[in-house]
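Residue numbering for the sequence shown follows full-length UniProt numbering, starting at 1 and increasing by one per position.
Where a beta carbon is used, it is the ideal one built from N, C-alpha and C, also for glycine.
The structure displayed is predicted, hence computed values, not measured ones.
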Amino acid sequence: SLFVSEYFSQSAQRLSFYSWYGNAKVFHFHVPEDTVLLRWLLQASRGKEPECTSMEVTVHFRYGAPPVINPLGTHFPANATVRPSYNISITLSSAVQNTTFVNITTPAAGDWFIAAHLPEAAGRIEVKGFSTPCTYMFQADMFVLRLTDMPVLEPGVAMPQTIVSPAKPLHVKVFVPKYTARMWFELRSCMTSERKACSVRVVLGSITLPQSFQRIITCTGNVNCSVSLDSLPWEKWLQIMVETLGTANASVSLEMLASFTDCRPGSTSSFLNFSSLNHSQAGSGPGSPTPSTGMALPNTSDQRSFCLQNQPVVREDLDVVSVRYRLLNGPSVAVYSVSPTLLLLNLNSGMDSGGSLVVNLLLNKTSLSQANATVVACVSAASPVLSLNTTQNCSTAFFQGYPLSLSTSSAEAMLIVLYPQTDDWFLSLQLICPKGQSECNPAEAKVTVIAYLTPCFNDCGPYGQCSLLRRHGYLYAGCSCKAGWSGWSCTDDTKAQSVGAQNLATLLLTLSNLMFLPAIAVAVYRYYLVEASVYTYTMFFSTFYHACDQPGIAVMCIMDYDTLQYCDFLGSVVSIWVTILCMSRVKKILKYVLFVLGSLLIAMSLQLDRRGVWNMMGPCLFALIIMISAWVYHGVKRRHCYPSSWKRWVFYLLPGITLAFIAISVYAFMETNENYYYTHSIWHVLVAGSVAFLLPPRDKHKKPWAWSQKLTCRYQICQNDREELYAVT
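Laid out in structure tokens, this is it:
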């Protein structure tokens with residue numbers, strides 16, 4: 001045999017602490033056909049900064065779709081079926097880098113996914129630039145060993161083979177045709193080169209994670225051994241591996257035989273179904289004829305000649321990771337007891353595994369003639385279940401399906417498959433009676449089937465946002481929850497905020513901006529009208545930005561969210577800028593030039609990086625340099641400290657500076673996701689209060705506002721002060 005090794009690599013990704021699925025870094029690989037060995041090379045590394053500590057990286061594996069993970073232990077939505085993912089942990093302690101290998105023999109061909117993440121996020125809101133977080137990187141590489149000339153086992157033809165040594169097992173493959181109900185595999189004439197009884201182990205199927213359903217049989221002696229498999233994957237290659245358990249020097253010769261039992265399908269589709277579909281899509285006029293299906297429901301004698309009843313299903317692509325399935329013969333299907341009714345749900349495009357498959361069944365109680373009968377359904381991938389009436393087991397040869405049941409007492413059933421694997425999915429329905437099939441022969445049931453693929457189930461609900469994530473060309477969806485809600489679809493209310501808490505948070509964050517009113521009043525009283533206009537702008541947009549930024553139901557947006565956020569950030573930085581420049585007591589013309597020029601530069605820097613700390617610290621430091629220089633100039637010119645009044649320092653400057661430093665400390669070091677609504681409200685109050693204290697007094701030559709003199713509503717006697725000139729004649 002000729003083996004070929006292949007290597008696949010993807011660029012490293014920076015790991016994040018886990019709070020939702022978007023924090024997990026996903027790697028997507030494709031394993032080629034005839035692969036006999038798969039080896040993952042996993043490399044995790046951390047930076048050399050002093051902030052870097054020991055860390056544990058969790059890596060999840062899954063075949064066919066991204067792994068469904070739950071590191072936070074939250075609840076999944078009702079009717080969702082979840083199977084634990086296969087994962088390993090990589091520890092980064094004293095070593096800067098850790099390399100781990102994971103080997104998988106006879107892996108299934110197709111898409112494989114890896115997801116890696118750090119432990120749960122602490123929830124602290126970090127200001128960009130105040131601290132340097134440690135960098136944790138992860139990279140996954142894939143090595144495959146592929147057999148280029150794997151022997152093909154023809155159905156019904158015995159194939160002799162030889163196992164040279166235990167180190168070189170035998171690999172063969174057989175193609176499973178469509179509508180295969182059962183495969184019979186037999187191994188016979190097994191004998192070693194020493195003419196002794198052989199001992200071999202036969203492994204049928206490939207490994208899939210997180211669950212693998214390989215069939216393993218051990219054959220010893222000269223007795224022929226065989227195995228029967230029901231519900232094999234249709235139109236796929238089935239890999240068979242045979243390895244000897246004997247001594248290392250003896251070779252083993254044997255014969256293999258595979259035979260299939262086919263299934264004769266009965267279909268209710270016809271050409272008129274497609275005419276009916278096109279007619280319903282295009283719409284019909286008042287005089288246009290309406291085509292009928294032309295198909296009567298099969299009677300019991302017709303059903304006995306079929307092992308299943310096919311129902312034609314149309315796949316309708318709506319958007320990215322969004323598909324709707326429509327039945328050609330209407331939303332209801334007839335279900336019988338003799339043979340199962342089968343619906344094909346095609347999820348084989350390669351881009352369908354990043355959403356959620358939803359199957360909703362509704363039983364028409366009036367159509368069920370047997371009151372004690374039950375409609376049993378099974379949703380499975382790759383192959384359908386064709387023996388629901390005998391085994392009532394929703395499992396195929398290599399896949400564990402998802403069972404559903406309908407009865408008169410429970411007429412509705414729903415199934416949610418999170419991240420369904422890339423394959424053809426089948427929905428099998430069959431009628432079962434407690435006293436046996438004879439009781440159900442004349443009975444039938446009408447079941448309405450609603451099936452669709454959606455990016456996020458229920459669009460993540462009212463407390464979540466459905467986000468479309470991308471890894472290279474692969475797209476998948478995830479829910480980002482808010483207001484304390486959690487879970488895969490934001491349905492876990494264990495830590496959810498109540499409506500009262502949401503209203504309180506909104507009121508605190510919005511009404512705390514009214515603390516700018518004293519600062520505005522002080523600025524107007526002291527003739528700082530430009531500064532008062534800036535504070536009014538800041539108060540207005542900060543109020544409505546936080547009213548729009550709320551995670552719960554107490555939300556009000558007067559304009560686009562991004563616009564409100566930009567205006568809030570711009571007003572905050574410009575307010576600090578004009579306040580410090582006002583304190584510097586420079587000439588008016590220079591002050592207003594700096595006002596305009598600084599506002600333009602701040603607007604530019606915020607457009608480049610809105611959350612950067614230097615967008616606030618830069619203007620503050622530059623304005624402080626101007627203020628200190630101006631104060632030094634005034635002090636040298638007057639030959640005493642500036643400001644000269646100790647009352648100005650004690651009652652205004654020191655309280656204002658203290659409030660400003662406390663506000664910066666709360667903003668930079670104390671805010672978390674849980675306490676944001678009151679810590680940020682404290683930030684609003686402290687900043688607005690510091691502005692009211694720090695504004696300098698008005699100029700001495702300006703009189704206070706005298707409204708009775710400014711706004712007069714009566715006649716006044718004007719005195720002419722001009723000097724009269726007399727001409728001397």
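On a CA-only basis, which of the options is nearest residue i? Give me that one, please.
i	options	result
G330	L344, V447, F101, V252	V447
L344	E412, L429, C394	L429
S206	V31, D424, Y476, F101	V31
Y476	P462, A140, Y419	Y419
N249	S259, F143, E194	E194
Q465	V323, P551, W614, T408	P551
Y179	E235, L347, M142	E235
V320	L511, T454, N222, E56	T454
G478	Y18, L2, F3, Q10	Y18
M159	S259, I216, D562	S259
T494	L514, H75, H60, R188	H75
L170	M183, A181, L187	L187
S349	D492, D424, L361, S395	D424
V335	L347, L361, L621	L361
I682	L594, S94, L511, L363	L511
S489	N364, S542, V82, T244	V82
A121	A95, M55, S94, Q97	M55
N458	T491, R585, A554, R526	T491
Y452	A668, V417, S253	V417
Quick one: what's residue i bridged to in DSSP?
i	result
D111	H30
E120	Y18
H634	DSSP lists no partner for H634.
E316	R324
V102	W40
Nearest-angstrom Cα distance between residue i and residue j?
i	j	result
F251	L257	Checking the sequence, you will find Ser at residue 251 rather than Phe. Cα-Cα distance, rounded: 20 Å.
Y537	N79	50 Å
A521	P696	13 Å
V524	A24	52 Å
T240	D230	Reading off the sequence shown, one finds Ile at residue 240, where the question assumed Thr. One C-alpha to the other measures close to 16 Å.
S665	S533	27 Å
L232	S383	6 Å
E316	V578	59 Å
G110	A663	56 Å
F540	V685	15 Å
F516	Y535	7 Å
T672	K588	42 Å
G283	L328	For G283, the predicted structure reports a pLDDT of 42, less than 50, and the residue's modelled location is therefore unreliable. The matter cannot be settled from this model.
V385	C456	28 Å
V202	L38	20 Å
T366	A443	12 Å
R146	V176	21 Å
R326	M617	59 Å
T679	F661	14 Å
V242	T148	18 Å
L387	L15	Note on residue identity: the sequence assigns Ser, not Leu, to residue 387. Roughly 46 Å separates the two Cα atoms.
P265	V333	16 Å
L608	N675	29 Å
I558	H60	43 Å
A296	S409	In this prediction, A296 has a pLDDT of 38, which is less than 50 and means its spatial position is unreliable; nothing more can be read from the coordinates.
S9	L118	22 Å
G500	V144	57 Å
F185	I114	34 Å
F306	L431	15 Å
Which whole-angstrom value is the C-beta distance of residue i and residue j, which I expect to be below 8 Å?
i	j	result
A377	S405	7 Å
Q370	E412	Going by Cβ atoms, the distance from Q370 to E412 rounds to 19 Å, so no, they are not a contact pair.
A688	A519	5 Å
G22	S480	6 Å
T341	Q309	5 Å
M627	M583	5 Å
W237	K173	5 Å
P210	P84	6 Å
A181	N222	So it is not a contact: roughly 31 Å between Cβ atoms.
Nearest chain B C-beta to residue i closer than 8 Å, yes or no?
i	result
A630	This model lacks chain B altogether, as it is built from one protein chain only.
### Task
Taking 8 Å as the threshold, find out whether the stretch 84-101 comes into contact with the stretch 645-656 through three or more Cβ pairs.
No: fewer than three Cβ pairs fall under 8 Å.
### At least three beta-carbon pairs within less than 8 Å, the stretch 129-147 to the stretch 32-48
yes
### Inter-stretch contact at 8 Å, needing at least 3 Cβ pairs: the stretch 50-57 / the stretch 152-167
no
### Message
For the structure I just gave you, are there three or more beta carbon pairs, one from the stretch 568-576 and one from the stretch 595-607, closer than 8 Å?
### Response
yes
### Task
Could you tell me whether the stretch 59-66 touches the stretch 350-357, using the rule of 3 or more Cβ pairs below 8 Å?
Short answer: they touch.
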